[in-house]
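**Student:** Residue numbers (the working numbering), protein chains in the order written: chain A, 1 to 315; chain B, 1 to 315. Where is the CB? At the ideal position from N, CA and C, for every residue including glycine. Just so you know, these numbers come straight off a predicted model, no measurement behind them.
Number of protein chains: 2
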Amino acid sequence: MGDLLVVGSVALDSVTTPFGKVDEALGGSATYFSYSASFFTRVRLVATVGSDFPEDHVRLLRDRGVDVTGLQRSAGGRTFRWVGEYGYDLNEARTLDTQLNVLATFRPALPDALRRVPYLFLANIDPELQLDVLRQMAERPRLVALDTMNFWIQGKREALLRVLREVDVITINDAEARQLAGEANLIRAARAIAGMGPRVVVVKRGEYGALMLAEDAFFAAPAYPLESVFDPTGAGDTFAGGFMGYLASEGASDGASMRRAVVYGSVMASFTVEDFSLNRLFRLEQPEIAERAAAFQDLMQVNGRGPEERGARGR
Amino acid sequence: MGDLLVVGSVALDSVTTPFGKVDEALGGSATYFSYSASFFTRVRLVATVGSDFPEDHVRLLRDRGVDVTGLQRSAGGRTFRWVGEYGYDLNEARTLDTQLNVLATFRPALPDALRRVPYLFLANIDPELQLDVLRQMAERPRLVALDTMNFWIQGKREALLRVLREVDVITINDAEARQLAGEANLIRAARAIAGMGPRVVVVKRGEYGALMLAEDAFFAAPAYPLESVFDPTGAGDTFAGGFMGYLASEGASDGASMRRAVVYGSVMASFTVEDFSLNRLFRLEQPEIAERAAAFQDLMQVNGRGPEERGARGR
């Protein structure tokens, strides 16, 4: 089992969906990622919050075994805030307000103990900071993955291309993959992105699942079929947490393990969207993960066992 | 191997996509369906054309072994015509013109020889005609599937609900599934449609693949990853042709066979969209189907063989 370091954002999110709303709930890319990954391996978090950040939120992470010694608390600063809403098409968030606050001057400083972790996830922050984190590592991690978004693709393209040359895996949503590659066809877009550096490209497609290009072959995983989706916020980072958490727990980085990692990422994301903020993850029990992973494989199984063999639950 | 009867439309399509255009090319739901299914089983076609329909088109079907004795030719009538275009988002067609012509007065009359076929596909036509065809069967086929569209869901809802009570399988696209069920969540929509009669609901999602609810379990298949999609016209009917053709060839209608049928349907659809009209299918060789089906299963395989075992084609 390998330690997993994540550098990203911790936020207070205010989110409205057709099914309800939350105000200043726990959020942020590094939060969703580390909570999700904590079900698989030991996670070390580097991020920044203001003095207004509730201590209860930190305790929730610590209770899951997340190492929060790298969480910088800026005296007098305010925590990063995001306000967004979703319509019935839950695939796309509309940002109503972003207050960077302490995130605007964040410069990740890795404690010595974290400079040799074998698994590193650079969550969605300024690519210059992502590059800076990579430079601070005392040795090249076994596996480095990165997430990004339209804001950086458009505004910090050069820095993004620089850091992309040094990572193994990129996780990115489909619209952003097309934008980054400048290519409408998603398959060609994924190949173009692989040409920018990462040997593995994971395209997140929301309710349509994930598509991975690894070792010159595509792997497609559907999203778990859910009858109730309340809030898609954090689904992508939760996916990445399950994906990287699984790989770190196995000490693996080969193509076959990556496929299983996509399944575990999808499983974790499917829980997150069942409630607002991290609420569903807070009440998640370890056995539920294995149960849903099994159901997930059945969902994808071409030569599936019929209901007769499974025990009569069909008609 | 069971005979497969399809009742639907034969058309002359004029289609523009960002990649080119065709004028009055061979099209129609029954055409795509029967050509696709002909790679699996013996297909019998019931449809109508005008006296302007090129004899060459009929020969193309006959050369594939499709029984065209049920193709009615209306003396003096004009063949059904459809004019449509697609933007870079190839998921949705924009209809520019529809001329029903001989289809407006079409009343399928089944020859005696076709009233006992074990597999029946009611392609996308007026649900009252679909019901009429069912009534003409001398005995209940082993498997009846139907396809429909927004036009009938909106304009002939009662007739559609009546025929739905009598079929085993419905194939329908995702937007139309939501419309038919009056339910935004696709999973709940599929369950609601199953409650209307069909024990199997196959939702076609274009570039996102297909989702099937059968025997109380979901099965999700991705679309085959294509770098070039030229024209999505007919993809759904070609899918249905592969799906029903496979089941008829196996004499099967169980859930496990349905899963393999979805794969063959997806494989056939993936060929169709590689060129305009049925052009790709015209040059399709039987071994290509098995090859792509194998690649397709690899695409979905969680515990896939690594590139080492496949022979080094990775990096």
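Within the same chain, show all residues whose beta-carbon is closer than 7 Å to that of R305/A, passing over the 5 residues directly before and after it, in chain order.
**Tutor:** In this predicted model, R305/A has a pLDDT of only 48, less than 50, meaning its place in the structure is not dependable; the value taken from the coordinates is given anyway. None.
**Student:** Tell me which residue opens and which closes the beta strand (DSSP E) that M244/B is part of.
**Tutor:** Element bounds for M244/B: not the beta strand (DSSP E) but the alpha helix (DSSP H), 235 to 250.
**Student:** Taking all protein chains shown into account, do 16 or more other C-beta atoms lie within 10 angstroms of the C-beta of K21/B, making it buried, or fewer, making it exposed?
**Tutor:** That one is exposed.
**Student:** Assuming V263/A is part of the alpha helix (DSSP H), what are its boundary residues?
**Tutor:** From DSSP, the alpha helix (DSSP H) with V263/A extends over 255 to 272.
**Student:** Are the C-beta of P198/A and some C-beta of chain B separated by less than 8 Å?
**Tutor:** For P198/A, the answer is no, since every Cβ of chain B falls outside 8 Å of its Cβ.
**Student:** If we count the other Cβ atoms within 10 Å of its Cβ and call it buried at 16 or more, is L96/B buried or exposed?
**Tutor:** Exposed is the call here.
**Student:** Within 8 Å of any Cβ in chain B, is that where the Cβ of D298/A sits?
**Tutor:** Yes, contact with chain B.
**Student:** State the DSSP-derived secondary structure class of L110/B, mapped to helix, strand or coil.
**Tutor:** The answer is coil: DSSP assigns L110/B none of H, G, I, E or B.
**Student:** Taking the C-alpha atoms as reference points, what is the distance between G242/A and A269/A?
**Tutor:** Going by the C-alpha atoms only, they are around 8 Å apart.
**Student:** Per DSSP, what kind of secondary structure is M300/B in: helix, strand or coil?
**Tutor:** Of the three classes helix, strand and coil, the one that applies to M300/B here is helix, per DSSP.
**Student:** Can you give the Cα-Cα distance for A293/A and R188/A, rounded to whole angstroms?
**Tutor:** Spanning the two alpha carbons is a distance of roughly 30 Å.
**Student:** Just to make sure I have the definition right: I need the residues of chain B whose C-beta is within less than 8 Å of the C-beta of V167/A. Which are they?
**Tutor:** Near V167/A there are no residues of chain B at all, since even the closest Cβ is about 16 Å away, more than 8 Å.
**Student:** According to DSSP, simplified to helix, strand and coil, what is F33/A?
**Tutor:** Residue state, collapsed to three classes: helix.
**Student:** Is the beta carbon of D13/B sitting closer than 8 Å to the one on T233/B?
**Tutor:** It is a contact, given that the beta carbons lie within the stated cut-off.
**Student:** Just to confirm my understanding: we take Y32/B, look at its own chain, exclude 5 residues before and 5 after, and list those with CB closer than 6 Å. What are they?
**Tutor:** Around Y32/B: G234, D237, T238.
**Student:** Is L278/B helix, strand or coil by DSSP?
**Tutor:** Residue state, collapsed to three classes: coil.
**Student:** If you draw a straight line from the C-alpha of E285/B to the C-alpha of A47/B, how long is it?
**Tutor:** Using only the alpha carbons, I get a separation of about 26 Å.
**Student:** Given a cut-off of 8 Å, decide if E215/A and G255/A are closer than it, judged by their beta-carbon atoms.
**Tutor:** Yes.
**Student:** Mind listing which residues of the region 3 to 20 of chain A have their C-beta closer than 9 Å to chain B's C-betas, in chain order?
**Tutor:** Per Cβ criterion, the list reads P18.
**Student:** Tell me the rounded alpha-carbon separation between N101/A and A93/A.
**Tutor:** Near 21 Å, if we compare the C-alpha coordinates of A93/A and N101/A.
**Student:** Mapping the DSSP letters down to three states, classify D39/A as helix, strand or coil.
**Tutor:** It should be pointed out that residue 39/A corresponds to Phe in this sequence rather than to Asp. Reduced to three states, the DSSP call for F39/A is coil.
**Student:** Might you give, ordered along the chain, the residues of its own chain that have their beta carbon closer than 7 Å to the beta carbon of R62/A, omitting 5 neighbours on each side?
**Tutor:** If we look at R62/A and ignore the five residues flanking it on each side, its Cβ neighbours are V68.
**Student:** Take the Cβ of G311/A as the centre, count every other Cβ of all protein chains shown within 10 Å, and call the residue buried at 16 or more, exposed below.
**Tutor:** Since pLDDT at G311/A reaches only 37, below the 50 mark, its modelled position is unreliable, and no value is offered.
**Student:** Over what stretch of residues does the beta strand (DSSP E) that includes I125/A continue unbroken?
**Tutor:** Premise fails: I125/A is in no beta strand (DSSP E) and is neither H nor E.
**Student:** Our contact map puts L316/B next to Q130/B with C-beta atoms below 8 Å; I'd like the distance itself, whole angstroms only.
**Tutor:** Chain B is shown from 1 up to 315; residue 316/B falls before or after that span and cannot be answered.
**Student:** Measuring only the C-alpha atoms, how far is G70/A from R162/A?
**Tutor:** If I take the Cα positions, the gap works out to 25 Å.
**Student:** For R44/A, count neighbouring C-beta atoms within 10 Å of its own C-beta (all shown protein chains included) and say buried if the count is 16 or more, exposed if not.
**Tutor:** Burial call: buried.
**Student:** Of all the residues that make up the region 166 to 196 of chain B, which are near chain A by a beta-carbon distance shorter than 7 Å?
**Tutor:** Hits within the stretch, in order: A184, N185, I187, R188.
**Student:** Which residue marks the beginning of the beta strand (DSSP E) containing R64/B, and which one marks its end?
**Tutor:** Per DSSP, R64/B belongs to no beta strand (DSSP E) and is neither H nor E.
**Student:** Are the Cβ atoms of A210/B and A192/B separated by less than 8 Å?
**Tutor:** No, the Cβ-Cβ distance between A210/B and A192/B is not below 8 Å.
**Student:** Report all residues from its chain with a CB closer than 8 Å to the CB of L186/B; omit the five preceding and five following residues, and keep chain order.
**Tutor:** Closer than 8 Å at Cβ, skipping near neighbours: D174, A177, R178, V203, L211.
**Student:** Classify T105/A as helix, strand or coil using the three-state DSSP reduction.
**Tutor:** Reduced to three states, the DSSP call for T105/A is helix.
**Student:** What separation, rounded to the nearest whole angstrom, lies between the Cα atoms of F19/B and M149/A?
**Tutor:** Cα to Cα, the separation comes out at about 29 Å.
**Student:** Using DSSP with H/G/I as helix, E/B as strand and the rest coil, what is F80/B?
**Tutor:** Strand.
**Student:** Hey, is A217/B's beta-carbon within less than 8 Å of any beta-carbon in chain A?
**Tutor:** Judged by the 8 Å Cβ criterion, A217/B is in contact with chain A.
**Student:** Using a beta-carbon distance below 8 Å, is E250/B in contact with chain A?
**Tutor:** Chain A contact via Cβ: absent.
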